[in-house]
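*Asks:* Dropping a structure here in structure tokens format, bear with me for questions.
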């Protein structure tokens, strides 16, 4: 089971320190939030900096596996807006982030960004689907996968369940577009347990990524959710992708949260 660490958990460290710590703790790589690389315009990172970041991560033993939190920076983006200027800017950022992922050596991008996909008017959902179609095509050009992340109704009002996201992916039918499962979002918004959802949808080939986090927004093992059924379901369905540890509440701090999560998960896997 390949497990990466979402780098914003330890963003207080320099990038080399993030990769070094992740590798030392037993993670297989880093899932990078672009805003941690540049708070204003990560999609415009120069080629030299991209190459440097890739070399650093690989040398430290935690290569970049994926990107997430894609539309946090620059500010003001939206995949649902009818404003042509904002839409054009958003699509440009998305396309450039696909290129960033390829340059960093990642294989996958996670489109969560709940605030930037809010549906407020007629046509918004159709515009979001069009954006996903383009993103999937851009990803396929680079041999990457672009994942629409289902997020619970407390975070967004579009693509709130795995079933909804699966239907969008099927309807769009873009070559590089898939969906995924976030354990915290599933726990807060799905009628079925995460393990049952994995057993139902992993065999479809449409689940390309998994986020491991408790519904209390802390890391695995720091709440009431049981992760053994999740890991067993992934193994028994032949899941071959990465899982990424993605807490939001770093208790008592980022490094300790990351250490406790991987220890807990590896303990289950080695039992």
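In this note's numbering, the protein residues as written are 1282 to 1552.
For glycine and all other residues, C-beta sits at the position ideal for the given N, C-alpha and C.
Return the first residue and the last residue of the beta strand (DSSP E) that residue 1525 is part of.
*Replies:* 1523 to 1526
*Asks:* Can at least three beta-carbon pairs, one atom from the stretch 1354 to 1368 and one from the stretch 1291 to 1303, be found at a separation below 8 Å?
*Replies:* no
*Asks:* Mapping the DSSP letters down to three states, classify residue 1324 as helix, strand or coil.
*Replies:* helix
*Asks:* Measure the C-alpha to C-alpha separation of residue 1323 and residue 1313 and round it to an integer number of angstroms.
*Replies:* 11 Å
*Asks:* Just confirm the distance between the C-beta atoms of residue 1483 and residue 1501, as a whole number of angstroms; I'd bet it's less than 8 Å.
*Replies:* 19 Å between Cβ atoms; not a contact.
*Asks:* On the three-state DSSP scale, how would you describe residue 1461?
*Replies:* strand
*Asks:* Roughly how many angstroms separate the alpha carbons of residue 1449 and residue 1485, rounded to a whole number?
*Replies:* 14 Å
*Asks:* Would you mind giving the Cβ-Cβ distance between residue 1326 and residue 1391, rounded to the nearest angstrom? I have them listed as a contact below 8 Å.
*Replies:* In fact, because the Cβ distance is near 18 Å, the residues do not count as touching under 8 Å.
*Asks:* Figure out for me which residue from 1330, 1413, 1383 and 1404 has the closest Cα to the Cα of residue 1422.
*Replies:* 1383
*Asks:* Figure out for me which residue from 1353, 1439 and 1458 has the closest Cα to the Cα of residue 1403.
*Replies:* Nearest C-alpha to residue 1403: 1439.
*Asks:* Is residue 1478 closer than 8 Å to residue 1462 when the C-beta atoms are compared?
*Replies:* With contacts defined by Cβ atoms closer than 8 Å, residue 1462 and residue 1478 form a contacting pair.
*Asks:* So that I know if they touch, is there some Cβ in chain D lying closer than 8 Å to that of residue 1466?
*Replies:* Among the chains of the structure shown, chain D does not appear; only one protein chain is present.
*Asks:* Are the stretch 1284 to 1293 and the stretch 1327 to 1337 touching by the rule of at least three beta carbon pairs closer than 8 Å?
*Replies:* The stretch 1284 to 1293 vs the stretch 1327 to 1337: no contact.
*Asks:* Which value, in whole angstroms, describes the spacing of the CA atoms of residue 1378 and residue 1288?
*Replies:* Computed Cα separation, rounded: 17 Å.
*Asks:* Taking the alpha carbon of residue 1280 as the reference point, which residue from 1454, 1446 and 1508 has its own alpha carbon closest?
*Replies:* The shown model of the chain, from 1282 to 1552, leaves out residue 1280, and the question about it has no answer.
*Asks:* State buried or exposed for residue 1410, treating a residue as buried only when at least 16 other CB atoms are found within 10 Å of its CB.
*Replies:* buried
*Asks:* Do the CB positions of residue 1454 and residue 1433 come within less than 8 Å of each other?
*Replies:* No, they are not a contact pair.
*Asks:* Could you tell me the distance, in whole angstroms, from the CA atom of residue 1353 to the CA atom of residue 1316?
*Replies:* Rounded to whole angstroms, the separation of the alpha carbons of residue 1316 and residue 1353 is 7 Å.
*Asks:* So residue 1344 and residue 1321 are supposed to be a Cβ contact under 8 Å. How far apart are they, rounded?
*Replies:* Between the beta-carbon of residue 1344 and that of residue 1321 there is about 25 Å, and that puts the pair past the 8 Å contact cut.
*Asks:* Please confirm whether residue 1427 and residue 1417 have their CB atoms less than 8 Å apart.
*Replies:* yes
*Asks:* Have a look at residue 1374 and residue 1430 and give me their C-alpha separation to the nearest angstrom.
*Replies:* Approximately 18 Å, taken between the alpha carbons.
*Asks:* Anyone know if the C-beta pair for residue 1488 and residue 1307 falls short of 8 Å?
*Replies:* no
*Asks:* Quick test of your reading: residue 1496 and residue 1506, contact by CB under 8 Å. State the CB separation rounded to the nearest angstrom.
*Replies:* 6 Å
*Asks:* Starting from residue 1283, trace the beta strand (DSSP E) both ways and give me its first and last residue.
*Replies:* Element bounds for residue 1283: 1283 to 1287.
*Asks:* Excluding the 5 residues flanking residue 1530 on each side, which residues of the same chain have their C-beta closer than 6 Å to its C-beta?
*Replies:* 1498 and 1499
*Asks:* Between residue 1415 and the ligand COA, is the CB less than 7 Å from at least one heavy atom?
*Replies:* Among the components of this structure there are no ligands whatsoever, and the ligand COA is therefore not found.
*Asks:* In the stretch 1428 to 1463, which residue ranges form an unbroken beta strand (DSSP E) of at least 3 residues, counting only runs that do not cross its ends?
*Replies:* 1458 to 1463
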